[in-house]
Structures are given as C-alpha cells and as structure tokens.
C-alpha cells in the first residue's frame, strides 16, 4: 500500500510539490508565530518565578501610576506579617521609550536592598549596588550586549552618565533588559520627587501572600495590592490573548494550505476514476481505497510539516542570531511547539483528504470503468 501511495504522488510531481509547499508555508507561520508566543510565555514564567514571593503595592490611582510615596513603605512594614517593604521606581531606559514587556527598563531601588531585589539573579561580574552608591548601575546581560559595555564602562540614562559596577547572568527574564540604579538618583533623574512606581512587600516566613495582600490593602490608606496569585492570573490572561492572536493568524495560513491538499486530492480522484473502478473490479475494498487516498493526503501533510519546520527553524535561528547582537531574544522553539506543528500538519493533511477519499469510495465499479 505504501509503495502505491508513493508512486501515485510521484506521478504528479509538480502538483504534489505545490501542495506540500502550501502546507509548508502554513506550518512555517505556525513555527515563527508560535515561537514568539513561547518566548513571551517563558520570559513571564521565569520573571514570575524570580519575584513570586513579593506582593506589589500600588497607589490607588492605578498600576504604574507613580501615585504612591516612598513613605508608604514604612506604613506597609508595620502591617503584621510583613517581613520587609521598600519602594521601586520602574522607568524606560531609552529616552522617549515606554514601559513594555520585554523592553529595556531602569529599576530604581534602595541600594541596600539590591541583593534582595536582584538576589535571585547571580552577578556575573562586579558587584551589587551598595549603600552610599550614587551614579552607578548594575546591568542585565541583554543591556550589556546591546550597548557593548561591561564593568567599568559608562551608560547614559536621562542625560546622566552611570558607571557599570556589576553585570548580571542571563536568566531569560525581564532582569536581562534592566539597569538597576539607586532609588534616590532614579527619582531625581526622572523628576519623580518622592514617588515610586510600586512597593515590594515581602511576607514573613509561613505567611500567606494572598491573605497578607488583603490585609495591607485594608490597613494602609490609598493603596491597592496585587498578590502573587493575582499577578500570575492577570499576566496569564494577557499572554493568552497575545498567544491567541499570533497563533490564530498562523493557523489560518495552515488551513489555507489544507484547502490546497483537498483541492489536489479532489483533482486526483477525478483523474483516477477509471483506476478506482479497476481496483474495485479486482476486489479492492472501500477501506483499501480510503486508506490509499487519505494516506496520500497525510504524507503530503507530513512532508509539508517537515518543510515548514525546517524553514521556520532556519528563519527563527537567523533572526535570533541577528538580534543577539542587540541583546534581544525574540523567538523560542520548544519541543511542545514542534510536536504541535507536526501533529497539526499531519492532521490537516489527513482531514483534507477524507472528503476526496469518500468520493472515491462511493463510486460504483461499473460507472468508474465507463468514465473517460
């Protein structure tokens, strides 16, 4: 049966090749768009894991509204169950840039809390921020690569020059695209007065973070809180929307490729009507013809999937290699994505071949033999 399927496909080389190319183009889109979604998901998961124990406290005017004062940290620290609390200022690194997931950012933090904030990330070279530091910074690996700087070099932030005293290991999280500077200096260069973007509250040992977040909101006036579980839920919803948009576009392209398989198989069935009649007259069962026709479609789906995977992998590798010079990783191909893409390609080809196969098996031997 398999050799018959291969023979049938090889007899229509151009049509088969174009059909495989159509499916390959769709799977190429699935790989490229899907790997972008996978990268964003992994970045979030890694970032969340590194700060999962902290409660975010914001001004009641909104997240990242800059409406909470540094002094609120002292009030938060007084709440039973809070081990420590300190303010952080988040701002875009590049002038005119906005805060975005994956964008370069400045983290203004109390220098003495540097190890607490950056502690989950190992210092590759140099040191953490220290009490008394002024215009110095600890940079993530992506910023070091993008700006081609290291310990001892200087980087410009808001028209001020900061000396790099430390470089962090690569983590695949937002820390890679961050530059940590002393909080008071950050407030000065960004003209924030005594305001911070948020307060990090660290629960004491054995204290439930979700319950403590509610207690802080009730105990401290003018603040809202985001517990670890709430942050994870909100971020996952945002990532799900992004994933649906990117993957849907790719799936649409793949479905169009599937329609090309159906069109090819329908034409093949029409051209081979007499052949099917002869096979039935010789004793071939409906199942044999069904398996042969669906098998041809499935193999085209498999070959299209392999073509799309190879081209997608090459494109992703090339773009990542080019972006690596800028300290950016945009795509991530995972075993899960490869498995989904290949299964989708085979399933798409198989399903696209079912209707033509049913038409082929529905022919009566006498009518098929009279067909010219």
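In my numbering, the protein residues as written are 2 to 373.
C-beta atoms are modelled at their ideal positions from N, C-alpha and C, and glycine is treated no differently.
Taken atom to atom, the span from the alpha-carbon of residue 87 to that of residue 79 is near 12 angstroms. Rounded to the nearest whole angstrom, the CA to CA distance from residue 22 to residue 43 is 31 angstroms. For residue 30 against residue 255, the beta-carbon gap comes to about 7 angstroms, under 8 angstroms, which counts as contact. Looking at the DSSP output, residue 125 sits in no beta bridge, so it has no partner there.
Looking at the DSSP output, residue 203 bridges to 85. Taking C-beta atoms as the reference points, residue 229 and residue 82 fail to come closer than 8 angstroms. Here residue 207 is exposed. Its C-beta has fewer than 16 other C-beta atoms within 10 Å. Boundaries of the alpha helix (DSSP H) around residue 309: 287 to 325. A contact is defined here as three or more CB-CB pairs under 8 angstroms, and the region 256 to 266 fails this definition with respect to the region 33 to 49. Taking C-beta atoms as the reference points, residue 311 and residue 191 fail to come closer than 8 angstroms. With contact defined as three or more Cβ pairs closer than 8 angstroms, the region 335 to 344 and the region 45 to 61 are not in contact. Burial state of residue 336 is exposed, judged by a 10 Å Cβ sphere holding fewer than 16 other Cβ atoms. For residue 180, the enclosing beta strand (DSSP E) starts and ends at 179 to 183.
Non-local beta-carbon contacts of residue 140 in its own chain, meaning distances under 6 angstroms to residues more than five positions away in sequence, involve 165, 168 and 180 in chain order.
DSSP places residue 162 in the uninterrupted beta strand (DSSP E) bounded by 161 to 169. By the Cβ-count criterion, residue 245 is exposed, with fewer than 16 other Cβ atoms from all chains shown falling within 10 Å of its own Cβ.
Residue range 106 to 110 is occupied by the beta strand (DSSP E) that includes residue 108. The residue among 196, 161, 224 and 313 with its C-alpha nearest the C-alpha of residue 59 is 224. Contact check for residue 178 and residue 144: beta-carbon distance about 6 angstroms, within the 8 angstroms limit, so the pair qualifies. Collapsing the DSSP output to three states places residue 225 in a strand. Counting along the chain, residue 117 sits inside no beta strand (DSSP E); it lies in the alpha helix (DSSP H) bounded by residues 115 to 119. With 16 or more other Cβ atoms from the protein chains shown falling within 10 Å of its own Cβ, residue 134 counts as buried.
Counting along the chain, the unbroken alpha helix (DSSP H) around residue 210 starts and ends at 210 to 220. For residue 77, the enclosing alpha helix (DSSP H) starts and ends at 73 to 78. Residue 137 is a Cβ neighbour of residue 130, given a cutoff of 8 angstroms. Comparing alpha-carbon positions, the option among 314, 293 and 45 lying closest to residue 172 turns out to be 45.
Note that the C-beta distance between residue 302 and residue 349 is below 8 angstroms.
Contact between residue 262 and residue 354 is confirmed by a C-beta separation of about 6 angstroms, below the 8 angstroms threshold.
Going by C-alpha positions, residue 126 is about 33 angstroms away from residue 210.
Across the structure, residue 174 and residue 50 are spaced so that their CA atoms are roughly 9 angstroms apart. Shown here, residue 337 sits in a helix according to DSSP, grouped into three states. Distance from residue 347 to residue 306 at the Cβ level is roughly 6 angstroms; contact confirmed, criterion being Cβ atoms closer than 8 angstroms. Around the beta carbon of residue 148, 16 or more other beta carbons lie within 10 angstroms, which makes this residue buried. With a threshold of 16 other beta carbon atoms within 10 Å, residue 73 meets it and is buried. Taken atom to atom, the span from the alpha-carbon of residue 216 to that of residue 319 is near 50 angstroms.
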